[in-house]
Structures are given as C-alpha cells and as structure tokens.
Amino acid sequence: MTESTVWLIIGFIGQGLFFGRILVQWIASERRGESVVPRSFWYFSIVGSLLLFAYAVHQRDIVIMMGQAFGILVYGRNLTFRRPKLVAAEAQA
1 MTESTVWLII
11 GFIGQGLFFG
21 RILVQWIASE
31 RRGESVVPRS
41 FWYFSIVGSL
51 LLFAYAVHQR
61 DIVIMMGQAF
71 GILVYGRNLT
81 FRRPKLVAAE
91 AQA
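Note that full-length UniProt numbering numbers the sequence shown so that position 61 is 61, with each residue one more than the last.
Printed below as a string of structure tokens:
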C-alpha cells in the first residue's frame with residue numbers, strides 16, 4: 001500500500017465520520033421525538049474533523065485546513081460544555 005493510498009483512506013474515514021455525525025443526530029432525534037444533539041455527535045465531529053485536517057495538511061490544501069481548524073475549536077468547546085453535566089450525573093449515580 002502506497003503512502004498516497006494511506007492518506008486517501010484517512011481522508012475517506014474522516015469524511016465518513018463527519019457524515020456519520022448527521023446520522024447519529026438524526027437517529028437520536030427520531031428516538032426522542034425532538035431535535036437533540038447527543039454527545040457522540042460531537043465526538044464524531046471532532047475525530048472526523050481532525051482526520052480531515054491531517055489529510056488537508058498532507059495535501060497542503062489551505063482551504064480545507066482553515067475550514068476544519070475552526071470546526072475543531074467549536075466541537076472541542078461543545079464537548080467541554082457537556083463535561084460538567086457528565087461529572088454531575090456520575091456523582092449522582
């Protein structure tokens with residue numbers, strides 16, 4: 001397997017995870033009967049975005065890098081907003 005093929009696989013996995021986050025959100029919303037954004041949505045977002053960012057660095061594609069860099073910050077911040085709620089829920093369990 002060539003290095004180019006490995007990077008294509010990384011790019012496709014990243015894109016797949018990034019797309020998968022929409023399916024996760026859709027399924028969670030259908031189950032609850034309302035629009036919800038589960039924690040797994042943010043994990044899919046950040047991991048997919050990090051892989052796409054790595055692919056963009058390898059390809060030297062500044063457009064993708066800039067687009068993903070901002071998203072990584074937003075997804076990380078949303079996960080930190082959820083952290084206190086998780087700690088409180090675990091303490092009550």
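C-beta atoms are modelled at their ideal positions from N, C-alpha and C, and glycine is treated no differently. Predicted model, so just to flag it, every value in this text is computed and none were measured.
- Measure the CB-CB distance between I10 and L51 and report whether it falls below 8 Å. yes
- Task: Give a yes or no on whether 8 Å exceeds the smallest Cβ distance from Y43 to chain B.
- Result: Included in the structure is just one protein chain, with no chain B present.
- Query: By Cβ distance, which residues of its chain are closer than 6 Å to F18, with the 5 residues on each side in sequence left out?
  - Reply: G48
- Message: Could you compute how far the alpha carbon of G71 sits from the alpha carbon of P38?
- Response: 17 Å
- In angstroms with no decimal places, state the Cα-to-Cα distance between M66 and R21. 20 Å
- Message: Assuming contact is defined by CB atoms lying nearer than 8 Å, are Y55 and G14 in contact in what I supplied?
- Response: yes
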